[in-house]
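Working notes for the structure below.
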Amino acid sequence: MRVAFVGKGGSGKTTMSALFARYTALRGGPVVAIDADINQHLGMVLGVADNEMPKPLGSHLTEIKDFLRGDNPLIESAAAMVKTTPPGRGSRLLRLDGDDSVHERFAVTTAEGVRLMVTGPFAESDLGVSCYHSKVGAVELYLNHLVDGPGEYAVIDMTAGADSFASGLFTRFDLTVLVAEPSRQGVGVYRQYRDYAADFGVSIVVVGNKVQGPDDVAFLRDQVGDDLFACFEHSAAVRAMEQGRPFTLSDLEPANLDGLARLLDRVDTQPKDWETFGRQTVEFHLRNAEAWANRATGADLKSQIDPSFVYGPAALALTG
Ligand SMILES: Nc1ncnc2c1ncn2[C@@H]1O[C@H](COP(=O)(O)OP(=O)(O)O)[C@@H](O)[C@H]1O
Ligand SMILES: [Mg+2]
Numbered sequence: 211m212r213v214a215f216v217g218k219g220g221s222g223k224t225t226m227s228a229l230f231a232r233y234t235a236l237r238g239g240p241v242v243a244i245d246a247d248i249n250q251h252l253g254m255v256l257g258v259a260d261n262e263m264p265k266p267l268g269s270h271l272t273e274i275k276d277f278l279r280g281d282n283p284l285i286e287s288a289a290a291m292v293k294t295t296p297p298g299r300g301s302r303l304l305r306l307d308g309d310d311s312v313h314e315r316f317a318v319t320t321a322e323g324v325r326l327m328v329t330g331p332f333a334e335s336d337l338g339v340s341c342y343h344s345k346v347g348a349v350e351l352y353l354n355h356l357v358d359g360p361g362e363y364a365v366i367d368m369t370a371g372a373d374s375f376a377s378g379l380f381t382r383f384d385l386t387v388l389v390a391e392p393s394r395q396g397v398g399v400y401r402q403y404r405d406y407a408a409d410f411g412v413s414i415v416v417v418g419n420k421v422q423g424p425d426d427v428a429f430l431r432d433q434v435g436d437d438l439f440a441c442f443e444h445s446a447a448v449r450a451m452e453q454g455r456p457f458t459l460s461d462l463e464p465a466n467l468d469g470l471a472r473l474l475d476r477v478d479t480q481p482k483d484w485e486t487f488g489r490q491t492v493e494f495h496l497r498n499a500e501a502w503a504n505r506a507t508g509a510d511l512k513s514q515i516d517p518s519f520v521y522g523p524a525a526l527a528l529t530g
């Protein structure tokens, strides 16, 4: 199951992603956490030392594309592969508990058993539909080739930017958690995201963060309504961790721990919809091909679509 944390900068996406990844690992995982935020802090918050950080996906796009395309006859080269290029027969598929060369080369495992991957740093100017070398594109390729099942988790720390809308990345998740502080800006980002995602059947829940009392909860409930799923309190344990003190989940306030448990239950009850996933993969690839990718590659990228490819566990049997 894929869970993305989105929201305004500073709302707590990275904090929530790290807490949730730790929690799922504690409950047995497997869990892969991916840092796709503009400010790359997830490793730090997961307790990974600077000199132990994984190699960034975004700097190894060619290698990743070459691995994923395998011997798919519809994809001639890594250069012809863009972030939306879908898998087909012959492509290599990924498992969350897999030891394929993407996980082996680009993930490090934390002491708590979370596997961390990172896009590498990027700037606001790197975002946008026409960015051929998009670092976040590595995440889209990864998710398009991932076959995940119940009880397995990919946690993505995301920027709530236009890039994920243009490319279709925002449709690659089973559940999108919008992290909002109890402020007008916080709920403003929620409304924008909700309005855009509504046409694509994206499942969103809102998690209020750094909530300081009943007035904050009432504000969020008033502004967000039924989409408000949980509220996380301002946490002394998180603050202490930020100040460099050792942290484990047992330090977390009971109400916040309960929020994590509820969120995991919510993810576990979310139905998996491979049919929609496959349809949207193709839809966004066609859109990107026309918008920029045909021009960028000098090829007709429509032809990369394998009409007989079936998304989900059935594909594993086909590709062996
Ligand atoms: N529930 C919380 N309690 C206390 N501090 C928090 C909480 N959530 C986030 N923070 C702090 O707020 C700051 C921004 O959080 P961060 O997760 O980095 O936001 P984002 O990834 O959305 O930019 C960090 O210093 C973080 O430690
Ligand atoms: Mg962040």
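Mapped onto the working numbering, the consecutive letters of the sequence shown carry residue numbers 211 to 530. Ideal Cβ placement from N, Cα and C applies to all residues, glycine included.
Asp-247 has its Cβ nearer than 7 Å to a heavy atom of ligand 1.
Distance from the CA atom of Val-349 to the CA atom of Pro-296, rounded to whole angstroms, is 13 Å.
Annotated three-state conformation of Thr-386 is strand, per DSSP. Cβ contact annotation for Thr-507 (same chain, cutoff 6 Å, sequence separation greater than five): Ala-290, in chain order. Beta-bridge partners of Leu-303 (DSSP): none assigned. Taking 8 Å as the cut-off, the beta carbon of Asp-367 is found closer than this to the beta carbon of Asp-245. Within 10 angstroms of the beta-carbon of Asp-384 lie 16 or more other beta-carbons, which makes it buried.
For Ile-515, the CB contacts under 8 Å within the same chain, skipping 5 residues up- and downstream, are Leu-284, Pro-296, Gly-298, Val-492, His-495, Leu-496 in chain order.
When Lys-223, Phe-215, Lys-218, Phe-230 are compared, the shortest CA-CA separation from Leu-467 is found for Phe-230. One alpha carbon belongs to Tyr-521, the other to Arg-315, and they sit about 25 Å apart.
Val-318 sits away from Leu-306, with the two beta carbons spaced by 8 Å or more. Look at Lys-218 here: in three-state DSSP terms it is coil, with no helix or strand label. Annotation: Glu-485 to Ala-446 spans about 43 Å, alpha carbon to alpha carbon. Annotation for Asn-282: Gly-298, Gly-300, Ser-301 place their beta carbon closer than 6 Å to its own, counting only its chain and skipping 5 residues before and after.
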